[in-house]
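Below is one structure, written out as structure tokens; the observations come after it.
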Amino acid sequence: MLTPKKILGLFFVFIVFYLSLYTWNSRTQFLDRLASYSGLEVAGWIIKPGKQAQTRASDFWNNYLHLVDVHSENQNLKKEIDSLRTELAGLAEEAASAKRLEKLLDFAPPPDWSRFGSRIIAHDFGPLGAVNSVIIDAGKFQGALPNLPVITPKGVMGRTFKTGLNFSSVLLLSDPNSRIPVISSKTRVRGILSGRGYQEPLSLEYVHLNSPLEHGELLVTSGLAGIYPKGLPVARVENIFRSEISLFLIIEAMPLVNSGNI
Amino acid sequence: MKLTFFWILFTALAVWAQYIFPAKDFFSPGLVVMLQFGLFKSALWAGLFWMLIQEGTGGLAFGSMILFYLGLIAFFYFGGIFLEVSNILFTMLLFFYLTVFQALIISVMAFLQGLVLSGQYSLKGFLIQAGIYFIVWFVTYNLFKKHYIHEPV
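So the sequences go chain by chain: P and W. The opening position of the first sequence corresponds to residue -1 in the numbering used here, with each subsequent residue numbered one higher. The opening position of the second sequence corresponds to residue -5 in the numbering used here, with each subsequent residue numbered one higher.
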């Protein structure tokens, strides 16, 4: 029978053991790696086959069965392609001249980045999904490392923060712990873009009151943190408010990738 | 062997359920069922395995699930002094306690790790989690009792 004295003793022993374990893991991250290589893998391999079957069934339904409005959508897309082609021709000319000017000014070329594709297999998985995150099917074996940018064709989605062997967790832009140094594409105003949760606009911080930032401007990565390469589109400026008590503007920006609906 | 198969199937279904219901826990009722049937050794191994799944897929540094499962065992042990552990009232109390305790542990651990939580805790969320715990426990408990209780432990 456990007496109160024994219970207190056991409690004390556990606290010492737990704090030692926690401190040791903070230094070595051994248990974090163990959990990523085992738990993340197990969950990933259980979800992945079903998720693939679900995707195939959904593709089959959308491509072969559910063809309502396909013709009108096709016409609209053709029109959009024509307009984009015209825009692309203009931009290609501008890009070529920018390259020529860079060469003239002897700019150092940016480091080469390689891209690889992956699929999202789960969203905010489990009770410890305390941060806005997704699990993707790319891990160490596919070349994924912690703090690697994750992008979609629309723009930046987030960065990896935990990598297993074949799966990784991605911290989404919308999470309050996500911070990205950005620069506005037109007026070249710098700031830090941080998340505020799902369905909420992002917040652009540390932008001086006199900054010439414009409504609707595109925010791209500035490349200063060393995680994201320069020039990846992240968000568009939605609202600019002037604070009476702060030295900085209050700016809301809509992410190009909707974290709640990826 | 049949027991092992039961818990492997439970694990696979719980992983899928956690995929369908983001940020919810489906494993703890399994642990409660094991403790209620006196399968302490199985509970230890399953707890360790499920802890790795939850920690590996979670966003916090390792350690939160140790405290959470310890809280579960402590409530089970001390609650068992006053109430019958397989009693439905005790089980409901346990699940309400686990729902609140889980939020407390995650908030404290996130604070200690310098993380900001994006306000995902609400009364509705608590009620959904408590409901999930109870439904999963009810189904698992009855299936386990019906099919596996006669197997020697």
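Even for Gly, the Cβ is constructed at its ideal location relative to N, Cα and C. Just so you know, these numbers come straight off a predicted model, no measurement behind them.
Taking a C-beta distance under 9 Å as the contact criterion, P/Gly137 and W/Gln12 do not qualify as a contact pair. CA-to-CA, the gap between P/Phe58 and P/Arg240 works out to about 51 Å.
Contact check for P/Pro179 against P/Arg188 passes: the beta carbons are separated by less than 9 Å. P/Gly153 has P/Thr150 as its beta-bridge partners, per DSSP.
Note on P/Val14: under 16 other CB atoms within 10 angstroms of its CB, so exposed under the neighbour-count rule.
Taking all protein chains in view, the Cβ of P/Thr1 is surrounded by fewer than 16 other Cβ atoms within 10 Å, so the residue is classified as exposed. Taking 9 Å as the Cβ-Cβ cut-off, the region 72 to 91 of chain P has no residue approaching chain W. Annotated three-state conformation of P/Ser112 is coil, per DSSP.
At a cut-off of 9 Å between beta carbons, W/Ile47 contacts chain P. Nearest to W/Thr134 by C-alpha distance, out of W/Leu38, W/Ser80 and W/Leu46, is W/Ser80. The beta carbon of P/Phe28 sits closer than 7 Å to none of the beta carbons in its chain outside the five residues before and after it. Excluding the 5 residues flanking it on each side, P/Arg177 has same chain C-beta neighbours closer than 7 Å at Ile190 and Ser192, in chain order. The C-alpha of P/Arg234 is placed about 6 Å away from the C-alpha of P/Gly214. Pairwise C-beta distances place the region 85 to 93 of chain P out of contact with the region 14 to 31 of chain W, as fewer than three of them are shorter than 8 Å. Taking 7 Å as the Cβ-Cβ cut-off, the region 104 to 118 of chain W approaches chain P at Ala104, Leu109, Val110, Leu111, Ser112 and Gly113, given in chain order. For W/Val9, the enclosing alpha helix (DSSP H) starts and ends at Lys(-4) to Ile14.
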